[in-house]
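Colleague: Pasting a structure below so you can have a look.
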Amino acid sequence: MRRYLIPFFFLAPATLLIVLFFFVPVVATILLSFTDLSTTTFKNPSWVGLENYRELLSDPFLKKILLNTAKYVILTLAFNVGMGLVLAFLTSLVPDRIGDPYRALWLLPRILPPVVYVFIWQGLLAEAPMGLVSNLLGVSKNWILAQPWAVVILANGFVGASFGMLIFTSAIRSISKELFYAAAVDGAGTWETIRRVVLPLLAWPILFVTAYQTLSLLTSFEYILLLTDGGPGFYTTEVWSLRAYHLALSNYFGNVEFGLGAAMAAVLVVIGVVVSLFYLKIFNFKNLVSEPKIEVY
Amino acid sequence: MPLLPRNWPLFWVVLTLLTLPILIGVIWLILTAIFDQVHGLFPAGPPDPENWRFLYEGSVGGRPPIWVALKNSAVFAFTVAALELLIASMAAYAISRMKFPFRTPYLGMILVLHAFPAVSLLIAIYYILRVMGLFDTLIGVILVKASLELPLGIWLMKGFFDHLSWDMEMAALVDGASRWLVFWKVALPLVRPGLLALGTFALLSAWGEFILPFTFIVSGKSWTLALYMQSFFREAFVDYGLLAAVGLFYALPVLILFLVGQRYLLNIYSGGVKG
Amino acid sequence: MTGTPLKLKNLTKRFGRVTAVEGINLEVQGGELVAFLGPSGCGKTTTLLMIAGIYRPTEGEIYFGDRRVDHLHPKDRDVGMVFQSYALYPHLTLFENIAFPLRLKRFSEAMIRERVQKTADLLGIGKILDRKPAQVSGGQQQRAALARALVKEPQVLLLDEPLSNLDTQIRLSARAEIRRLQQNLGVTSILVTHDQAEALAMADRVAVFSTGRLQQYDPPEVLYQSPKNTFVAGFVGSPPMNLIEGEFTADGFKRGAFQIPIPGAPIGKGWLGVRPEHLTLSAEGIPAKVMVVETLGREFLVVLDAHGVRLQALIPEGQKPAVNAEVRIKIPPERPHYFDAQGLRIGP
Chain B
101 MRRYLIPFFF LAPATLLIVL FFFVPVVATI LLSFTDLSTT TFKNPSWVGL ENYRELLSDP
161 FLKKILLNTA KYVILTLAFN VGMGLVLAFL TSLVPDRIGD PYRALWLLPR ILPPVVYVFI
221 WQGLLAEAPM GLVSNLLGVS KNWILAQPWA VVILANGFVG ASFGMLIFTS AIRSISKELF
281 YAAAVDGAGT WETIRRVVLP LLAWPILFVT AYQTLSLLTS FEYILLLTDG GPGFYTTEVW
341 SLRAYHLALS NYFGNVEFGL GAAMAAVLVV IGVVVSLFYL KIFNFKNLVS EPKIEVY
Chain X
94 MPLLPRNWPL FWVVLTLLTL PILIGVIWLI LTAIFDQVHG LFPAGPPDPE NWRFLYEGSV
154 GGRPPIWVAL KNSAVFAFTV AALELLIASM AAYAISRMKF PFRTPYLGMI LVLHAFPAVS
214 LLIAIYYILR VMGLFDTLIG VILVKASLEL PLGIWLMKGF FDHLSWDMEM AALVDGASRW
274 LVFWKVALPL VRPGLLALGT FALLSAWGEF ILPFTFIVSG KSWTLALYMQ SFFREAFVDY
334 GLLAAVGLFY ALPVLILFLV GQRYLLNIYS GGVKG
Chain G
20 MTGTPLKLKN LTKRFGRVTA VEGINLEVQG GELVAFLGPS GCGKTTTLLM IAGIYRPTEG
80 EIYFGDRRVD HLHPKDRDVG MVFQSYALYP HLTLFENIAF PLRLKRFSEA MIRERVQKTA
140 DLLGIGKILD RKPAQVSGGQ QQRAALARAL VKEPQVLLLD EPLSNLDTQI RLSARAEIRR
200 LQQNLGVTSI LVTHDQAEAL AMADRVAVFS TGRLQQYDPP EVLYQSPKNT FVAGFVGSPP
260 MNLIEGEFTA DGFKRGAFQI PIPGAPIGKG WLGVRPEHLT LSAEGIPAKV MVVETLGREF
320 LVVLDAHGVR LQALIPEGQK PAVNAEVRIK IPPERPHYFD AQGLRIGP
């Protein structure tokens, strides 16, 4: 045992932090979901078993939230993957010295602080005379309030599309140029080459991006929080993860319901664990053309 | 792609149209920060230094001075990055260069956590921080952020360490250096590109971080720039000029980095740095 | 397939400031197999890619028969090409790979099936068409690539170093097979290679390239026996021709202490060339010292030093000299090649 002292020393800080902020929270989320922890019972919560889950199932807004979540995930995913592909192809069909700056520009939404990014959307979608969109369309509205879903999806999409764009671009670049030459000699024009040679070779990257971002979207809510905070009104854009957050951490109706929020989060956590393990099996990360070094979304 | 189509300028036009919103957004921000009023994209008034009053007025609307928030953001970002670099490198070095029991499962765990949506743990972490007495402290958020970024950092640095040749480390050990010294003086300098890439990711990510400080910090004195700016969102009347100026101030380091290091950013975000 | 003649007229290709290929003029007769031979970077592949349509010439014209093609996209030229890496579509079976050009032409399913099978059988891979490229050997991949090129019965067949990725053992038999196939089909073909033995063995005529220019274009024997300049002389033939730089005087050729009588050579500075197999050990020759003896099996490669001039000779079985021995080496008077100071051939 003594000889492993050195590796343990090197691994200790990381292991400690990972246990403290990954493993313990996973367990804690599930445990908390079985209590009635809230503002009133903070000092001495009691065990309530599956009560929180029963309450969840009988929540009148459950259906709406599920629908919202499905809408958010599916539509944003479609935008992310679709736009990612479009961008990858467009920037690959022009000379690199022209395509590169565009790719860099699409990184900007991702690296800008979310608060600033959201503020820009707010400004552009404001009423006249300030809002650009109001000016262009000739109708003065707060477009975020008027079309919350469109805004949520687009705002998230502009950030998310860059993930797919980068992965697909890498994949396209990894195709040997002789394969393109062969297709041309065989009689394929640009569109046929894309359809018959490039796209089939992008099948795995597309699958990977879809899978990765689905999980990501299921659990993300930061931009929605900043843009609409789940509104306007009652739960127009409230998705599952945001509801969990609100229940546990916002003082909506004066009482924070920690246990209930934890129950909702627990569902996400379990899904997250199962799906992550699943990914590990299916996607041999090392085989991927260019493993992305970036985080969620 | 080789063999570009004859009509590629057409694609250029479409690409430009699609990318226009991003450009428009940045331009709008800058214009609104400078001028009194901006209608759409056209300034409708003189440049307004009042937009920048947060720089010299001390407290704006009862908020802590911007300099406090700036300091907190800087401390947060750099500490997270530093912790990240050190802790992830140490762990990655061990995984890459040392033998120990459960090495493969440990690596597997890192991979799983890398894909795991950490955001779903916020509620539990809130509780844990409260219990530890780290709630509403900058150090608490720093620890959380650094920890949540670890799987990515370890994965990244491991890739770099894997590519090092063994000879130099062996030579150093034979020369009498301790493993720590070998790590610090031989291995780390050789993975500088990786450190730079990870450092960049960590800084950018921490600088913009919103949800963690939002959830775990209440007191104004510990506000980061993200919280400072977001606090204006709740107002009934939005002073776009002021907010845009705050936003520009906040985003300035990122914008400058983007202008200067566009190529580099594109490179590392594509995973193109050799690792 | 009756062979389509090919004509390259003043073909030039520049990439920015760099000139890869300059002023190439040559004609290939229908059904002929021509080799483009030269070291790396000499322009042979660039020229091939211009014929394929992957590169557009900066200047010049290309004709397939009467049809001018240099402005056409590869898909409209009707060429078949085999790439060095074979470039088979990894996600398709060999059948689909070979069928690819026909599918693009919208041939009927029955027609495709028939043609693909026929071509595959011709190349000996008719029974493995359901496999993917990764599942077959290098030699089989090469045949599949060849089948794909030939299935559409192209006017011109282009081969870019098709044998270089094969194991040495298969290379010789593959060489003969390709040649036989090409002759039977009668398809006009161009083969790019850096291996001079390959070019000499397979081609009807060889075009030798160096630094972007055509050095010589002749049948293999002519290239071998009458190289037009010192580059071709030194490149064609293995072991290479001995090229000695010196001066032609009234008494003969001299370089320092090295001197041999040469009948009828024009006076002036220049090069003397002698092939290793034409040097013989003989009592009448010039004195030389044996430096190295390499056993090649059926003969010996002997490196000699004659008055400071390094010569390589091929000595037949039975005459093996000892290392460091002093011998005499004879250059038959009718055998040397003469080149002027610029390296150009003098005489027939």
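In order, the protein sequences belong to chains B, X and G.
Converting from the first sequence to my numbering requires adding 100 to each position, the first position being numbered 1.
Converting from the second sequence to my numbering requires adding 93 to each position, the first position being numbered 1.
Converting from the third sequence to my numbering requires adding 19 to each position, the first position being numbered 1.
We put the CB at the ideal spot given by N, CA and C, even for glycine.
Please read these numbers as outputs of a predicted model, since none were measured by experiment.
Going by beta carbon distance, what residues of the same chain come within less than 7 Å of V170/G, once the five residues before and after it are set aside?
Modeller: Same-chain partners within the cutoff: I117, P120, L121, R134, V135 and T138.
Colleague: Given a cut-off of 8 Å on the beta-carbon distance, is the pair K251/X and I180/X in contact?
Modeller: Contact: no.
Colleague: Does chain G have any CB closer than 8 Å to the CB of L279/B?
Modeller: With 8 Å as the cut-off, L279/B counts as an interface residue toward chain G.
Colleague: Taking one C-beta from the stretch 107 to 126 of chain B and one from the stretch 202 to 211 of chain X each time, how about it: are there three or more such pairs within less than 8 Å?
Modeller: Taking 8 Å as the limit for Cβ pairs, the verdict is that the stretch 202 to 211 of chain X does touch the stretch 107 to 126 of chain B.
Colleague: What residues in its chain sit with their C-beta under 6 Å from that of P259/G, if we drop five residues either side in the sequence?
Modeller: Excluding residues within five positions, the ones whose Cβ falls inside 6 Å are G253.
Colleague: Under a three-way DSSP split, which group does A332/G fall into?
Modeller: If DSSP states are grouped into helix, strand and coil, A332/G belongs with the strands.
Colleague: Helix, strand or coil: how does DSSP classify E264/G here?
Modeller: Here E264/G sits in strand by DSSP.
Colleague: Determine the DSSP secondary structure at F319/G, reduced to helix, strand or coil.
Modeller: Strand, per DSSP.
Colleague: Does the Cβ of A153/G have 16 or more other Cβ atoms within 10 Å, making it buried, or fewer, making it exposed?
Modeller: Classification for A153/G: exposed.
Colleague: If we define contact as Cβ-Cβ less than 8 Å, is S104/G a contact residue for chain B?
Modeller: Judged by the 8 Å Cβ criterion, S104/G is in contact with chain B.
Colleague: In chain B, what lies closer than 7 Å to P93/G by C-beta?
Modeller: Within chain B, the residues near P93/G are A284 and V285.
Colleague: Buried or exposed: V101/G, going by 16 or more other Cβ atoms within 10 Å of its Cβ?
Modeller: V101/G comes out buried.
Colleague: Taking the beta strand (DSSP E) that I209/G belongs to, which residues open and close that run?
Modeller: Residues T207 to T212.
Colleague: Give me the chain B residues within the contact set of H110/G, using Cβ-Cβ distance strictly less than 9 Å, ordered along the chain.
Modeller: In chain order: V297, P300, L301 and A303.
Colleague: Opposite Q278/G in the DSSP bridges: which residues?
Modeller: Answer by DSSP bridge pairing, in chain order: K273/G.
Colleague: Check for me: the beta strand (DSSP E) holding R224/G runs from which residue to which?
Modeller: Its beta strand (DSSP E) spans residues R224 to S229.
Colleague: For chain B, is any of its Cβ atoms less than 8 Å away from the one on F119/G?
Modeller: By this cut-off, F119/G is an interface position.
Colleague: Excluding sequence positions up to five away, which residues of its chain have a Cβ less than 6 Å from the Cβ of K381/B?
Modeller: None.
Colleague: Opposite Q130/X in the DSSP bridges: which residues?
Modeller: Note: Q130/X sits in no beta bridge, so no partner.
Colleague: Here's the rule I'm using: 16 or more other beta-carbon atoms within 10 Å means buried, otherwise exposed. How should V127/B be labelled?
Modeller: The residue is exposed, with fewer than 16 neighbouring Cβ atoms inside 10 Å.
Colleague: For N235/B, return the contacting residues in chain X, with the cut-off set at a CB-CB distance below 7 Å.
Modeller: Here the neighbours are H132 and G133.
Colleague: Taking DSSP as the reference, what is the three-state secondary structure of K393/B?
Modeller: Model confidence at K393/B stands at a pLDDT of 34, short of 50, so the residue's coordinates are unreliable and nothing is read from them.
Colleague: Go through its chain and collect everything with a Cβ distance to A337/X's Cβ below 6 Å, but skip five positions before and after it.
Modeller: Taken in chain order, the residues that qualify are L122, T125 and A126.
Colleague: Alpha carbon to alpha carbon, what distance is there between L178/X and A295/X?
Modeller: Taking the straight line from one Cα to the other gives about 9 Å.
Colleague: Kindly indicate which residue of R194/G, L200/G and Q202/G has the alpha-carbon position closest to the one of V211/G.
Modeller: Selected option, being the one with the closest Cα: R194/G.
Colleague: Based on DSSP bridge pairs, tell me the residues matched to M100/G.
Modeller: In DSSP, M100/G forms a bridge with L177/G.
Colleague: R232/G lies in the alpha helix (DSSP H); which residues open and close that run?
Modeller: Taken as a continuous stretch (DSSP letters only), R232/G belongs to no alpha helix (DSSP H), being part of the beta strand (DSSP E) at R232 to D237.
Colleague: Measure the alpha-carbon distance for T317/X versus V153/X and round it to whole angstroms.
Modeller: Cα to Cα, the separation comes out at about 15 Å.
Colleague: Would you say E292/B lies against chain G (beta-carbon separation less than 8 Å)?
Modeller: It does; some Cβ of chain G falls within 8 Å.
Colleague: Comparing the C-beta of F104/X with each C-beta of chain B, is any distance below 8 Å?
Modeller: Yes, because at least one Cβ of chain B sits closer than 8 Å to the Cβ of F104/X.
Colleague: Once the 5 residues before and after K151/G are set aside, which same chain residues still bring their CB inside 8 Å of it?
Modeller: Hits under 8 Å: P109, H110, L111, T112 and L113.
Colleague: Taking C-beta to C-beta, are V216/B and L108/X nearer than 8 Å?
Modeller: No.
Colleague: Tell me which residues share the same chain as S133/B and place their Cβ nearer than 7 Å to its Cβ, disregarding the 5 neighbours each side in the sequence.
Modeller: Cβ neighbours of S133/B beyond the five flanking positions: N152, G359, A362, A363 and A366.
Colleague: Excluding the 5 residues preceding and the 5 following A269/G in the sequence, name in chain order all residues of the same chain whose CB lies nearer than 8 Å to its CB.
Modeller: Excluding sequence neighbours, A269/G sits near I286.
Colleague: For H297/G, which three-state DSSP category applies?
Modeller: Helix at H297/G.
Colleague: Whose Cβ in chain B lies nearer than 7 Å to the Cβ of L123/G?
Modeller: Here the neighbours are D286, G287, A288 and E292.
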